[in-house]
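**Student:** Numbered per mature numbering (1 follows the signal peptide of the UniProt record, and there is no 0), the sequence shown spans residues -24 to -1, 1 to 202. The following block contains the structure, expressed as structure tokens.
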Amino acid sequence: MNKKTLAWAACLAFSLVTGMPVQAQSAYPPPPAVYTQAQLDQMLAPVALYPDSLLAQVLMAATYPLEVVQAQRFIEARPGLQGDGLARAVAPMPWDPSVKSLVQFPSVLTMMNDRLDWMQQLGQAFLSQQPAVMDTVQNLRERAQVAGTLESSPQQRVVADDGVIVIEPVNPQVVYVPYYNPVVAYGSWWWPRRRSRSIGRRRHAIVRPITTRASRWASALAAASA
């Protein structure tokens, strides 16, 4: 990693170890093997173009698979609950703040719940290979920029500085979940016989400022790229 990318990853690592070691916060044992670059590309392609604040929540929540499943069941049992009412309802639940944050993004939460194997791999990779995960996100974003599928829009800003690409919402109170097909978003797929699938549709969720490890990471990323 170059120095800027290293600083970007270090901000994430620092926010995650506040209070207790990252390994102690997860239900996963250490994975028996290191994921290859091909596996990391495949694993991260569906979410690498998410805004940084949402991506941070997804990565962290992936280390709490049982809580993600519980949260999915919670919102399925309350189909009319949303917004501030939903935030108040999940506040007393004993879930990690990242999982609580994702209930405001039902399409993302459902995707993680429906693809448990993928979520488990993502959580394991995030815990054991954080620098490789961060490098992979940046490499995928670079490929998307070259392919013309990652650029600023009325909903989000794409800021590149010294090899570090940050994606942030134009309005911090409205975070869009982008729709894209990873098979084409990054140009021609560079690994044989492995292709990602598109996930979800373009949606937005109105979120209140929540002080979590994930949101602190997003703020740190923006500062590091300035």
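Here a beta-carbon is modelled for each residue, glycine too, at the ideal position from N, C-alpha and C.
1. Taking the continuous alpha helix (DSSP H) assigned at D90, which residues delimit it?
2. Quick check on DSSP: helix, strand or coil for R133?
3. Let me know the secondary structure DSSP gives V113 once reduced to three states.
4. Between the beta-carbon of A65 and the beta-carbon of L57, is there less than 8 Å?
5. Could you work out which residue in V79, L30, V23 is closest to F50 when comparing CA atoms only?
6. From V23, S74, P130, T12, pick the residue whose C-alpha is nearest to that of P158; which is it?
7. Do the segment 34 to 47 and the segment 88 to 98 touch if we need at least three Cβ pairs shorter than 8 Å?
8. For D60, count the other beta carbons within 10 Å of its own beta carbon; 16 or more makes it buried, fewer makes it exposed. Which is it?
9. Apart from the five residues just before and just after Q97, which ones in its own chain have a Cβ nearer than 6 Å to its Cβ?
10. Could you work out which residue in Y26, N147, P148, R117 is closest to D137 when comparing CA atoms only?
11. Work out the CA separation of V122 and R177 for me, nearest whole Å.
12. Return helix, strand or coil for P148, following the three-state DSSP convention.
13. Nearest CA to the CA of Q15: which residue from S129, F102, G163, L126?
14. Grab the span of the alpha helix (DSSP H) containing G61 for me, first residue to last.
15. The alpha helix (DSSP H) with S29 in it runs from where to where?
**Tutor:** Let's see:
1. Unbroken alpha helix (DSSP H) run through D90: 82 to 90.
2. Annotated three-state conformation of R133 is strand, per DSSP.
3. Per DSSP, reduced to three states, the secondary structure at V113 is helical.
4. For A65 and L57, yes; Cβs fall inside 8 Å.
5. Here the closest residue by C-alpha is V79.
6. For P158, the closest alpha carbon among the candidates V23, S74, P130, T12 is that of V23.
7. The segment 34 to 47 is in contact with the segment 88 to 98.
8. By the 16-neighbour rule on beta-carbons within 10 angstroms, D60 is exposed.
9. Cβ-Cβ distances below 6 Å link Q97 to M19 in the same chain, with the five nearest sequence neighbours on each side left out; the list follows chain order.
10. The shortest C-alpha to C-alpha distance from D137 to any of Y26, N147, P148, R117 is the one to R117.
11. A caution first: R177 carries a pLDDT of 44, below 50, which makes its placement in the model unreliable, though a value can still be read off. So the alpha carbons of these two residues sit roughly 23 Å apart.
12. P148 falls in the coil class under three-state DSSP.
13. Checked all of S129, F102, G163, L126; the closest Cα to Q15 is F102.
14. Segment 59 to 66, the alpha helix (DSSP H) holding G61.
15. Note, S29: alpha helix (DSSP H), 28 to 37.
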